[in-house]
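Numbering (my numbering), first residue to last: 12 to 370.
Where a beta carbon is used, it is the ideal one built from N, C-alpha and C, also for glycine.
Structure first, then comments.
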Ligand SMILES: [Zn+2]
C-alpha cells in the first residue's frame, strides 16, 4: 500500500532510511526494497555469467543502500540547518518546523517552543516505539503540527489526491499532524493526519488524551496512501482497512456537496467497527461496504472498538467541541467527529457547503 523506493529522487521519503533504533523498521523496508531492485536488475542482465550475477546483485544492493543512507544524512543535515534558522511563530503550529518527515519546510517553526529533535519529527507513520524510551515530558514532542508547503514532500504526497487546487480550502489552512496512539496490539505507534489549522490544537489534545488513556486505534495514515481513482474510492479503501483519517477534498457520500473532511474539519475514527449507516426503503446501506463492517451496523451488540456516548473518544472529542455522527438521524456515521471552528458556510464554495451531517 505504501510507496517504497531506494533511488535518491526528490520524492523519496527520507524517513524510510532513518538509521535510528525507532525507525529500524523503515530502514529494513528500504533494505528489502534495495534487495528487490538488485534482484530485478540481475534478471534484466541476461548476459551475466554464473556467479557474476550474484556479485552484481550484492553490489547493486550495497550501492542502493549507500545512496539511500547518504540521502537520509544529507536531508537531516539540511533540516537541522533550516530548523536552526527559522523563527516565524505561528499559533497554529505546535512542536513543528517542517512537514513531519520532510526536511525542506522549516518556515512554520514555533520559536517559543523547545526544538523537537529531528529523529522524532522524522519518524514515519506506522513506526512502533517503545514508550519506555521516553518520559512524560518528552511524550508531548511526539504530538506536532506543521505547515504544508508547495515545495515540501507532504504536498507531493497529497497533491492531485486528497488536495487539489480549489476555491474552498488553501494549503495555508491545513496542518500536518504527527501523533502517538496505541494500536490494537497495545503498542505505541506513530500516526499522521491532516486537519484544518483551526482544529489542529484540539485534535492534538484529543489524540494525546486518547494515547494517555491507552485508547485502541487500528492505524492512522493519510488517506492518500489509499488513493485509487478519486476521493470517494480512497475513502472506501481507507475505511475497509480500518484506517483513521481526516482531510480529504471530496464530496459527501451520495451528494455533490462538500464534506467537512474537504475542509479538514472532520475525523473518522476506527471506521470498520464504526461504519456509516444509512437507512433505506429496503434496508441499510453501510460504508465501508463489507460484511465485517455490516456486522457493526447493529449498535445494540456493543463490542470492542465500537464508539458510544460512554466511549473515551466520544468524551474527549465532545469535550473539545466536536460533534459525533452517531447522533445524526439518518444516516448515522459512528466513525465521524467534526468541529467547524471558524468555518463560515456563507463564504464557502457556491456548489454547496459543508454543514451538519456531512460524512
Ligand atoms: Zn467522516
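Looking at C-beta atoms only, is the number of pairs between the segment 314-323 and the segment 210-230 that lie closer than 8 Å three or more? yes
Helix, strand or coil: which one does DSSP assign to residue 187? strand
With a cut-off of 5 Å, give the chain-ordered residues whose Cβ is closer than this to any heavy atom of ligand 1. 277, 279, 347 and 370
Any heavy atom of ligand 3 closer than 6 Å to the beta-carbon of residue 231? No copy of ligand 3 occurs in the structure displayed; its ligands are ligand 1 alone.
Reduced DSSP secondary structure (H/G/I, E/B, other) of residue 331: coil
Helix, strand or coil at residue 116 according to DSSP, with G and I counted as helix: Its pLDDT being 44, under 50, residue 116 is placed unreliably by the model, and nothing is read from it.
State yes or no: is the C-beta of residue 202 within less than 7 Å of the C-beta of residue 217? no
Cα separation between residue 37 and residue 336? Residue placement at residue 37 cannot be trusted, given a pLDDT of 42 that sits under 50; what the coordinates show is reported in the next sentence. The straight-line gap from Cα to Cα measures roughly 36 Å.
Taking the alpha-carbon positions, what's the residue 266 to residue 243 distance? 11 Å
8 Å contact criterion, which residue 261 and residue 246 should meet: CB distance rounded: 7 Å
In the DSSP assignment, what are the bridge partners of residue 204? 188
Through-space distance from residue 293 to residue 134, alpha-carbon basis: 48 Å
Kindly list the residues whose CB is nearer than 6 Å to the CB of residue 139, restricted to its own chain and excluding five residues on each side of it in sequence; keep chain order. 198 and 200
Since I believe residue 208 is in contact with residue 185 (beta carbons under 8 Å), could you give me their beta-carbon distance rounded to a whole number of angstroms? 7 Å
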